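Asker:
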Amino acid sequence: MIDNNQGKIFNIQKFSLHDGPGIRTVVFLKGCPLGCKWCSNPESQNKNIQIIWEDKEISCIEVKDFDNLNIDKEGNIKVDEDFIKKYNLDNERLKIKYKQEGRIDTVDNIVDVCMQDNMFYLESGGGVTLSGGEILLQSDFSISLLKKLKENNIHTAIETTGFSSYEILKSVSKYVDLVLYDLKHWDEEFHKKYTLVSNKQIISNLKRLFEDNVNILVRIPVIPGVNDSLHDAQKFSHLLNNIGINEVQLLPFHKLGEVKYENLNLINEFKNEKALYPEDLKDYQNIFINNNINCYF
91 MIDNNQGKIF NIQKFSLHDG PGIRTVVFLK GCPLGCKWCS NPESQNKNIQ IIWEDKEISC
151 IEVKDFDNLN IDKEGNIKVD EDFIKKYNLD NERLKIKYKQ EGRIDTVDNI VDVCMQDNMF
211 YLESGGGVTL SGGEILLQSD FSISLLKKLK ENNIHTAIET TGFSSYEILK SVSKYVDLVL
271 YDLKHWDEEF HKKYTLVSNK QIISNLKRLF EDNVNILVRI PVIPGVNDSL HDAQKFSHLL
331 NNIGINEVQL LPFHKLGEVK YENLNLINEF KNEKALYPED LKDYQNIFIN NNINCYF
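Just so we're aligned, residue 91 is where the sequence shown starts under our numbering, counting upward by one.
Next comes the structure, spelled out in structure tokens:
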């Protein structure tokens with residue numbers, strides 16, 4: 091059983107410049123209650139440790155066959171012999187062909203990795219960001235990790251969907267210098283259609299965080315055909331104005347995670363959409379600015 095000092099993560103990314111101020115280390119936690127159809131990290135959505143096949147022959151194996159890949163309590167893969175025989179594989183070949191997505195790691199080990207770049211944090215005003223997935227799904231682990239980082243005087247940020255009870259969100263935010271709050275859609279039905287959950291709790295939590303004077307930066311992923319119209323920008327602006335929020339960051343849709351869908355045997359509904367760039371969204375941006383909201387990319 092995993093205790094509060096252990097959690098499931100799938101990556102630690104150093105020298106990030108897009109997940110909070112300065113040079114940062116981003117710790118990606120596994121599991122998300124949303125199912126955003128454009129997600130650039132589809133391996134983050136499943137809370138379990140997964141396999142990404144890096145060979146087209148093996149990537150064609152159906153997901154149901156992954157049941158033969160047993161994960162021990164340390165998070166290591168144990169390959170069933172029947173699986174190897176069925177697909178005419180051998181252990182050495184299989185080691186080259188797959189990548190394990192997700193592992194169990196400890197607070198102390200993660201903090202040790204993050205502290206390797208403390209000099210860069212100090213010089214740039216950076217720190218550590220917890221991302222996902224959704225870090226609130228592992229709230230006890232996230233709190234333990236954030237506490238340890240604060241003990242080392244590290245600037246902390248979280249990236250969150252805001253989809254949780256307010257009690258959990260508030261308990262985590264106590265140890266955070268900046269909350270990067272992703273807002274996917276202003277309309278509940280569209281939000282359900284593209285993320286599989288309602289946005290009511292998300293908007294309610296955003297209002298309460300603002301009222302509690304938590305340091306928040308709202309970020310809107312701008313997705314083709316989902317929330318990229320000028321009407322959407324106007325509705326987002328009204329929502330933020332009603333709350334009292336006067337700053338927003340736009341995150342244009344990109345295609346960097348496309349290959350992950352293939353390797354995980356997942357359907358990518360946005361495969362044929364083109365990436366968006368800041369120059370594509372100037373009119374969109376100006377609507378926020380005209381509503382007295384500082385809007386940037």
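Yeah, the Cβ is synthetic: ideal placement off N, Cα and C, and Gly gets one too.
Predicted model, so just to flag it, every value in this text is computed and none were measured.
Would you call Phe100 buried or exposed, if buried means 16 or more other Cβ atoms sit within 10 Å of its Cβ?
Answerer: The sequence position of residue 100 within the sequence shown is 10, counting from 1. Buried, by the Cβ-count rule.
Asker: Using the Cα positions of Asn199 and Ile225, report the straight-line distance between them to the nearest angstrom.
Answerer: Residue numbering aside, residue 199 sits at position 109 when the sequence shown is read from its first letter. Residue numbering aside, residue 225 sits at position 135 when the sequence shown is read from its first letter. Near 18 Å, if we compare the C-alpha coordinates of Ile225 and Asn199.
Asker: Please report the straight-line C-alpha distance between Ala366 and Pro342, rounded to a whole angstrom.
Answerer: In the sequence shown, counting from the first residue as 1, residue 366 sits at position 276. In the sequence shown, counting from the first residue as 1, residue 342 sits at position 252. Sequence check: residue 366 is Leu here, not Ala. Going from the Cα of Leu366 to the Cα of Pro342 covers about 5 Å.
Asker: Just grab the DSSP bridge partners of Leu371 for me.
Answerer: Start at 1 with the first residue of the sequence shown, and residue 371 comes out as number 281. Paired residue(s): none; Leu371 is not in a bridge.
Asker: Given a threshold of 16 other Cβ atoms within 10 Å of its Cβ, counted over all protein chains shown, does Gly252 qualify as buried or as exposed?
Answerer: In the sequence shown, residue 252 corresponds to position 162, counting from 1. Per the 10 Å Cβ criterion, buried.
Asker: Does Glu241 come out as helix, strand or coil in the three-state DSSP assignment?
Answerer: The residue labelled residue 241 in the question sits at position 151 within the sequence shown. Note: Glu241 maps to helix in three-state DSSP.
Asker: Determine the burial state of Ser294: buried for a count of at least 16 other Cβ atoms within 10 Å of its Cβ, exposed for fewer.
Answerer: Here the question's residue 294 lines up with position 204 in the sequence shown. With fewer than 16 other Cβ atoms within 10 Å, it is exposed.
Asker: Where are the beta strand (DSSP E) runs, 3 residues long or more, that stay fully inside the region 320-369, in chain order?
Answerer: As far as the region 320-369 is concerned, its whole beta strand (DSSP E) runs of at least 3 residues are 337-342.
Asker: Going by DSSP, name the residue or residues bridged to Cys385.
Answerer: Looking up residue 385 in the sequence shown gives position 295. Val338.
Asker: Enumerate, from N- to C-terminal direction, the unbroken beta strand (DSSP E) stretches of 3 or more residues contained entirely within the region 230-280.
Answerer: Within the region 230-280, the complete beta strand (DSSP E) runs of at least 3 residues are 245-250 and 268-272.
Asker: Taking only the alpha-carbon atoms, compute the straight-line gap between Leu299 and Lys260 and give it to the nearest angstrom.
Answerer: Residue numbering aside, residue 299 sits at position 209 when the sequence shown is read from its first letter. Residue numbering aside, residue 260 sits at position 170 when the sequence shown is read from its first letter. Computed Cα separation, rounded: 8 Å.
Asker: May I ask you to report which of helix, strand or coil DSSP gives Asp195?
Answerer: For this step, residue 195 is matched to residue 105 along the sequence shown. In the structure shown, Asp195 sits in a strand (DSSP, three-state: E or B).
Asker: Compute the Euclidean distance between the alpha carbons of Lys98 and Lys372, then round it to the nearest angstrom.
Answerer: Counted from its first residue, the sequence shown places residue 98 at position 8. Counted from its first residue, the sequence shown places residue 372 at position 282. Each residue's Cα considered, the two are about 39 Å apart.
Asker: If I follow the unbroken alpha helix (DSSP H) through Asn317, where does it start and stop?
Answerer: Locating residue 317 in the sequence shown gives position 227, where the first residue counts as 1. From DSSP, Asn317 is part of no alpha helix (DSSP H); its letter is neither H nor E.
Asker: Is the separation between the beta-carbon of Asn289 and that of Glu278 shorter than 8 Å?
Answerer: Along the sequence shown, read from residue 1 onward, the residue named residue 289 stands at position 199. Along the sequence shown, read from residue 1 onward, the residue named residue 278 stands at position 188. Going by C-beta atoms, Asn289 is nearer than 8 Å to Glu278.
Asker: Please report how far the alpha carbon of Phe395 lies from the alpha carbon of Lys274, in whole angstroms.
Answerer: Absent from the model: residue 395. The displayed extent of the chain is 91 to 387, so no value can be given.
Asker: Would you mind working out which of Glu363, Lys283 and Leu286 sits nearest Lys345, comparing C-alpha positions?
Answerer: By one-based count along the sequence shown, residue 345 stands at place 255. That would be Glu363, whose Cα lies nearest to the Cα of Lys345.
Asker: What do you get for Pro368, buried or exposed, if any count of 16 or more other CB atoms within 10 angstroms of its CB means buried?
Answerer: Sequence index remark: in the sequence shown, residue 368 carries index 278 (1-based). Exposed, by the Cβ-count rule.
Asker: Taking Cβ to Cβ, would you say Arg309 is nearer than 8 Å to Gly216?
Answerer: Working through the sequence shown from its first residue, we reach residue 309 at position 219. Working through the sequence shown from its first residue, we reach residue 216 at position 126. Not closer than 8 Å, so no.
Asker: Based on the DSSP output, what are the partners of Phe118 in its beta bridges?
Answerer: In the sequence shown, the residue the question calls residue 118 occupies position 28. Paired residue(s): Asn101 and Ser221.
Asker: Excluding the five sequence neighbours on either side, which residues of its own chain have a C-beta within less than 8 Å of the C-beta of Tyr351, listed in chain order?
Answerer: Here the question's residue 351 lines up with position 261 in the sequence shown. Cβ neighbours of Tyr351 beyond the five flanking positions: Pro132, Ile357, Asn358 and Lys361.
Asker: Starting from the C-beta of Ile383, find all residues in its chain whose C-beta is less than 8 Å away, skip the five residues before and the five after it, and write them out in chain order.
Answerer: On the sequence shown, residue 383 is found 293 positions in, with the first residue counted as 1. Taken in chain order, the residues that qualify are Ser327, Leu330, Asn331, Ile335, Asn336, Glu337 and Val338.
Asker: Within 10 angstroms of the Cβ of His108, are there 16 or more other Cβ atoms? Answer buried if so, exposed if not.
Answerer: Counted from its first residue, the sequence shown places residue 108 at position 18. Exposed is the call here.
Asker: Check each candidate in Ile244, Gln96 and Phe210 and name the one with the smallest Cα separation from Phe105.
Answerer: To locate residue 105, count along the sequence shown from 1; it is residue 15. Cα-wise, what sits closest to Phe105 is Phe210.
Asker: For Ile139, does the three-state DSSP call read helix, strand or coil?
Answerer: Looking up residue 139 in the sequence shown gives position 49. In the structure shown, Ile139 sits in coil (DSSP, three-state: anything other than H, G, I, E or B).
Asker: Identify the continuous beta strand (DSSP E) that holds Leu307 and give its terminal residues.
Answerer: For the purposes of this step, residue 307 is taken as the residue at position 217 of the sequence shown. First-last of the beta strand (DSSP E) with Leu307: Ile306 to Val312.
Asker: Nearest by alpha-carbon distance to Val201: which of Asn138, Gln140, Gln103 and Asn353 is it?
Answerer: Working through the sequence shown from its first residue, we reach residue 201 at position 111. Checked all of Asn138, Gln140, Gln103 and Asn353; the closest Cα to Val201 is Gln103.
Asker: What separation, rounded to the nearest whole angstrom, lies between the Cα atoms of Asp195 and Asn381?
Answerer: As a first step, residue 195 is located in the sequence shown; it is residue number 105 there, counting from the start. As a first step, residue 381 is located in the sequence shown; it is residue number 291 there, counting from the start. If you take the alpha carbons of Asp195 and Asn381, they lie about 44 Å apart.
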